[in-house]
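First to last, the protein sequences are chains A and B. If you count the first sequence from 1, you need to add 89 to reach my numbering. If you count the second sequence from 1, you need to add 16 to reach my numbering.
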Amino acid sequence: MRPSDRSRKQPVSTPTTLFEKVWSEHVVVPETIDTPAVLYIDLHIIHEVTTPQAFSTLRAAGLPVRRTDLTLATMDHSTPTTPVTSLKDLAVVGESAANQIRQMQQNCEDFGIDLLGFGSEHRGIVHVIGPELGATQPGKTIVCGDSHSSTHGAFGALAFGIGTTEVGHVLATQCLLQRRPKTLAVTVNGRLPAGVGAKDIVLAIIGKIGVDGGTGHVIEYRGDAITALDMESRMTICNMSIEAGARAGMIAPDETTIAYLHGRPRAPRGADWDAAVERWSVLQTDEGAAFDKSVHLDAGSLQPMVTFGTNPGMVIGIEDTVPDGGDDPSFRKALDYMRVESGKPMTDYAVDVVFVGSCTNGRLSDIEEAARVLEGRRVAPGVRMLVVPGSEQVKKAAESRGLDRIIVEAGAEWREAGCSMCIGMNGDIAQPGQLSVSTSNRNFEGRQGIGARTVLASPATAAASAVAGRVADPRKLT
Amino acid sequence: MKPIAEVRSKTVVLPTRDIDTDQIIAARFLTTTSREGLGENLFFDLRFDSDGSAKTDFPLNKPEATGCRILVAGKNFGCGSSREHAPWALLDYGFQAVISTEIADIFRNNALKNGLLPVVVDAATHRWLLDNPGAEISIDVARATVTLPTGAEVEFPIENFARYCLVEGVDQLGFLRQQIQDIERFEETRNWKP
Numbered sequence: 090m091r092p093s094d095r096s097r098k099q100p101v102s103t104p105t106t107l108f109e110k111v112w113s114e115h116v117v118v119p120e121t122i123d124t125p126a127v128l129y130i131d132l133h134i135i136h137e138v139t140t141p142q143a144f145s146t147l148r149a150a151g152l153p154v155r156r157t158d159l160t161l162a163t164m165d166h167s168t169p170t171t172p173v174t175s176l177k178d179l180a181v182v183g184e185s186a187a188n189q190i191r192q193m194q195q196n197c198e199d200f201g202i203d204l205l206g207f208g209s210e211h212r213g214i215v216h217v218i219g220p221e222l223g224a225t226q227p228g229k230t231i232v233c234g235d236s237h238s239s240t241h242g243a244f245g246a247l248a249f250g251i252g253t254t255e256v257g258h259v260l261a262t263q264c265l266l267q268r269r270p271k272t273l274a275v276t277v278n279g280r281l282p283a284g285v286g287a288k289d290i291v292l293a294i295i296g297k298i299g300v301d302g303g304t305g306h307v308i309e310y311r312g313d314a315i316t317a318l319d320m321e322s323r324m325t326i327c328n329m330s331i332e333a334g335a336r337a338g339m340i341a342p343d344e345t346t347i348a349y350l351h352g353r354p355r356a357p358r359g360a361d362w363d364a365a366v367e368r369w370s371v372l373q374t375d376e377g378a379a380f381d382k383s384v385h386l387d388a389g390s391l392q393p394m395v396t397f398g399t400n401p402g403m404v405i406g407i408e409d410t411v412p413d414g415g416d417d418p419s420f421r422k423a424l425d426y427m428r429v430e431s432g433k434p435m436t437d438y439a440v441d442v443v444f445v446g447s448c449t450n451g452r453l454s455d456i457e458e459a460a461r462v463l464e465g466r467r468v469a470p471g472v473r474m475l476v477v478p479g480s481e482q483v484k485k486a487a488e489s490r491g492l493d494r495i496i497v498e499a500g501a502e503w504r505e506a507g508c509s510m511c512i513g514m515n516g517d518i519a520q521p522g523q524l525s526v527s528t529s530n531r532n533f534e535g536r537q538g539i540g541a542r543t544v545l546a547s548p549a550t551a552a553a554s555a556v557a558g559r560v561a562d563p564r565k566l567t
Numbered sequence: 017m018k019p020i021a022e023v024r025s026k027t028v029v030l031p032t033r034d035i036d037t038d039q040i041i042a043a044r045f046l047t048t049t050s051r052e053g054l055g056e057n058l059f060f061d062l063r064f065d066s067d068g069s070a071k072t073d074f075p076l077n078k079p080e081a082t083g084c085r086i087l088v089a090g091k092n093f094g095c096g097s098s099r100e101h102a103p104w105a106l107l108d109y110g111f112q113a114v115i116s117t118e119i120a121d122i123f124r125n126n127a128l129k130n131g132l133l134p135v136v137v138d139a140a141t142h143r144w145l146l147d148n149p150g151a152e153i154s155i156d157v158a159r160a161t162v163t164l165p166t167g168a169e170v171e172f173p174i175e176n177f178a179r180y181c182l183v184e185g186v187d188q189l190g191f192l193r194q195q196i197q198d199i200e201r202f203e204e205t206r207n208w209k210p
């Protein structure tokens with residue numbers, strides 16, 4: 090595409106979606122029948138688990154990292170949630186993970202990338218630190234070798250997860266070869282009942298459209314129940330877009346977005362800020378723009394949601410009972426694994442482990458939500474509860490509010506920042522057969538440890554379950 | 017990448033729906049810094065009991081599965097995590113193609129970039145494949161067709177560029193690097209800088 094083509098504005102008569110606006114602004118070479126588009130990437134976030142093989146490819150080809158200034162590096166997946174003051178402290182995660190961490194440090198050093206590693210006050214989960222630093226901004230294209238990259242779409246960015254080969258493509262060229270995905274509008278209207286939050290909304294959406302309902306699509310979340318949410322709640326929603334199979338999830342930027350970003354370390358300043366705000370103001374779907382698919386949800390009818398099976402689409406309200414899957418063998422297999430029965434509510438089941446954290450629910454408001462439930466209460470005997478902040482900044486902010494004290498006094502563990510028990514790569518796992526109520530994003534078989542049974546829920550539901558010793562409705566806690 | 021014209025093999029059938037990449041290769045095996053050797057950990061918790069013994073009822077553990085290079089799986093195969101270790105593990109184990117009625121987006125992309133064929137077929141063809149494990153079938157990449165032992169020939173969708181790269185053995189990074197002048201021009205002329 091020539092520059093003159095790129096700067097040409099869309100005619101006013103052709104309404105376009107938010108996704109199309111961001112996409113078209115990043116097309117370096119348009120797609121043809123025979124070739125995908127070359128899409129420019131504004132921010133590439135990298136971590137220790139999905140990059141070593143990509144750096145090996147660059148080394149073998151003698152290639153540099155093209156834009157180290159657009160590369161944000163940290164370590165989160167296989168890092169310990171116990172303090173690390175020297176490399177010896179990595180022993181707790183095992184030799185292989187420790188080696189991966191050391192290799193990340195070496196790769197960043199060799200290729201000239203700033204690493205927000207141990208000792209940095211900005212280290213944390215990739216999808217927590219991007220927004221926190223203000224590096225995540227409306228209208229950007231953002232990728233990371235992690236499927237929950239969809240989180241950044243909460244700012245009106247086009248953000249999606251990629252594999253390691255594509256990580257290599259972005260490191261070497263700052264571009265990706267991409268076919269344009271389809272669009273799916275998910276409209277949520279109505280007033281959320283008390284005790285029901287963003288996690289419940291997104292679990293209800295996935296329950297409605299299924300774990301493949303968004304395959305091939307970019308979701309735009311719309312409606313007054315979405316615009317009423319703060320940024321951290323919007324991130325929770327966009328985060329789980331991938332759990333509906335979607336490529337990405339987006340929410341149009343508004344005053345809430347702008348207020349969140351203002352003054353953050355990597356947000357624009359001065360005249361650049363004013364220009365950015367003006368540019369962001371047009372990032373919304375035009376009246377009359379067409380989506381390939383549409384779905385509606387009424388926020389007013391929602392209750393706290395909990396999963397009962399082995400994918401996030403197998404989800405029910407806390408007051409409901411586990412459905413009957415008929416003779417579907419995949420459904421039966423999931424219930425057998427979870428050791429739950431059709432016709433029973435999830436509140437019948439005792440809890441062994443509770444995890445509050447992850448890129449879905451590891452931000453300050455999530456820790457606060459859990460702490461509000463724990464305040465003046467105790468974690469039930471025999472239940473292990475882990476609260477893991479999503480970043481060093483979240484940890485610091487939570488501690489300055491005294492939340493760590495509330496958590497520890499209630500009998501829960503307050504840890505160092507990282508992915509922890511969401512993915513269980515660092516030794517933070519549930520034991521075989523244990524039931525874990527988790528604020529993370531995946532209840533897949535073995536996700537939190539071999540044989541571990543995961544129930545996904547909001548921070549309030551997770552904390553209420555820790556106190557009750559069984560899956561519990563946070564609205565009914567005495 | 018080596019060119020791939022055709023895959024011909026007996027099938028092994030894993031009919032479960034929504035097999036996620038955590039099941040294909042569990043997170044505890046992702047601490048590797050290499051692409052090699054992941055096959056031994058493929059479907060580990062489905063293949064092995066907690067004492068390390070092989071589960072004899074798991075399809076991949078049956079004697080007739082030995083040497084099968086085509087996996088027929090339930091709908092929405094490869095959902096979840098973006099880990100490219102999933103196609104690496106399948107390839108390292110010996111698979112060259114996965115057939116389903118639906119394959120998750122990121123897994124499909126990753127598979128294509130490594131020479132593992134993601135083949136999406138219609139429900140009737142899928143039903144036939146589920147009902148006939150061990151059927152000897154062939155997949156023609158250039159023509160994008162699956163041929164069943166019944167003689168039936170079924171087309172499958174494949175993105176043109178991905179097909180070209182598979183058939184010709186083209187490295188996509190090499191192709192992308194040829195666009196560098198356009199990339200530089202884009203960086204110079206865009207009306208805002210990230």
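We treat Cβ as the ideally placed atom computed from N, Cα and C, and that holds for glycine.
Just to confirm, is the Cβ distance from residue i to residue j under 8 Å?
i              : j              : result
M403 (chain A) : F108 (chain A) : no
F207 (chain A) : N400 (chain A) : no
V217 (chain A) : V483 (chain A) : yes
E309 (chain A) : T106 (chain A) : yes
G432 (chain A) : R421 (chain A) : no
A541 (chain A) : I518 (chain A) : yes
H166 (chain A) : C508 (chain A) : yes
V477 (chain A) : A501 (chain A) : no
V273 (chain A) : H237 (chain A) : The identity of residue 273 (chain A) in the sequence shown is Leu, whereas the question assumes Val. Taking 8 Å as the Cβ cut-off, L273 (chain A) and H237 (chain A) do not qualify as a contacting pair.
D67 (chain B)  : T304 (chain A) : no
I326 (chain A) : A287 (chain A) : yes
L46 (chain B)  : R99 (chain B)  : yes
V544 (chain A) : S529 (chain A) : no
V256 (chain A) : T139 (chain A) : yes
A42 (chain B)  : F60 (chain B)  : yes
I40 (chain B)  : L106 (chain B) : yes
P141 (chain A) : D375 (chain A) : no
Which partner residues does residue i have in the DSSP bridge list?
i              : result
I134 (chain A) : A:L161 and A:C233
F249 (chain A) : A:V232
V23 (chain B)  : B:I155
C95 (chain B)  : B:D36
Q267 (chain A) : A:A126
E169 (chain B) : B:T163
Would DSSP call residue i helix, strand or coil?
i              : result
C508 (chain A) : coil
F144 (chain A) : helix
D65 (chain B)  : coil
P134 (chain B) : strand
M193 (chain A) : helix
G296 (chain A) : helix
D363 (chain A) : helix
V411 (chain A) : coil
D94 (chain A)  : At D94 (chain A), the pLDDT of 48 sits below 50, so the modelled position is not reliable; the number obtained from the coordinates is stated separately. Three-state result, D94 (chain A): helix.
L391 (chain A) : coil
F444 (chain A) : strand
S489 (chain A) : helix
If I measure Cβ to Cβ from residue i and keep anything under 7 Å in the same chain, skipping five residues before and after, which residues do I get?
i              : result
Q194 (chain A) : L204 and G206
A499 (chain A) : L463, R466, R467 and V468
R95 (chain A)  : Below a pLDDT of 50, predicted positions are generally treated as unreliable, and R95 (chain A), at 47, falls in that range; no measurement from the model is reported.
L350 (chain A) : G223, Q226 and A356
G96 (chain B)  : D36, T37 and D38
I122 (chain A) : none
Once the 5 residues before and after residue i are set aside, which same chain residues still bring their CB inside 6 Å of it?
i              : result
V116 (chain A) : A126
A557 (chain A) : none
Ignore the nearest five residues each way along the sequence and tell me which others in residue i's own chain have a CB closer than 8 Å to its CB.
i             : result
P19 (chain B) : L182, V183, E184 and G185
Original post:
Using a beta-carbon distance cut-off of less than 8 Å, what residues from the region 166–193 of chain B approach chain A?
Top reply: Here the close residues are E175, N176, F177, Y180, Q188, L189, F191, L192 and R193.
**OP:** Please list the residues of the region 116–137 of chain A that have a C-beta atom closer than 8 Å to any C-beta atom in chain B, keeping them in chain order.
**Re:** Listed in sequence order: V117, V118, I122, D123, T124, P125, V127, Y129, D131 and L132.
Original post:
When Cβ atoms are compared, which residues of the region 110–129 of chain B fall closer than 7 Å to chain A?
Top reply: Within the region 110–129 of chain B, the residues whose Cβ lies closer than 7 Å to any Cβ of chain A are, in chain order, E118, A120, D121, I122, N125, N126 and K129.
Original post:
According to a CB-to-CB cut-off of less than 7 Å, which residues of the region 291–316 of chain A neighbour chain B?
Top reply: Only those residues of the region 291–316 of chain A whose C-beta falls short of 7 Å from the nearest C-beta of chain B are listed: V300, D301, T304 and G305.
Subject >> Members of the region 135–160 of chain B that neighbour chain A once the beta carbon cut-off is set at 7 Å >> reply: Those would be none; no residue qualifies.
Original post:
Got a sec: which bits of the region 526–543 of chain A sit with their beta carbon under 8 Å from any beta carbon on chain B, in order along the chain?
Top reply: Cβ contacts with chain B: R531, F533, E534, G535, R536, I539 and G540.
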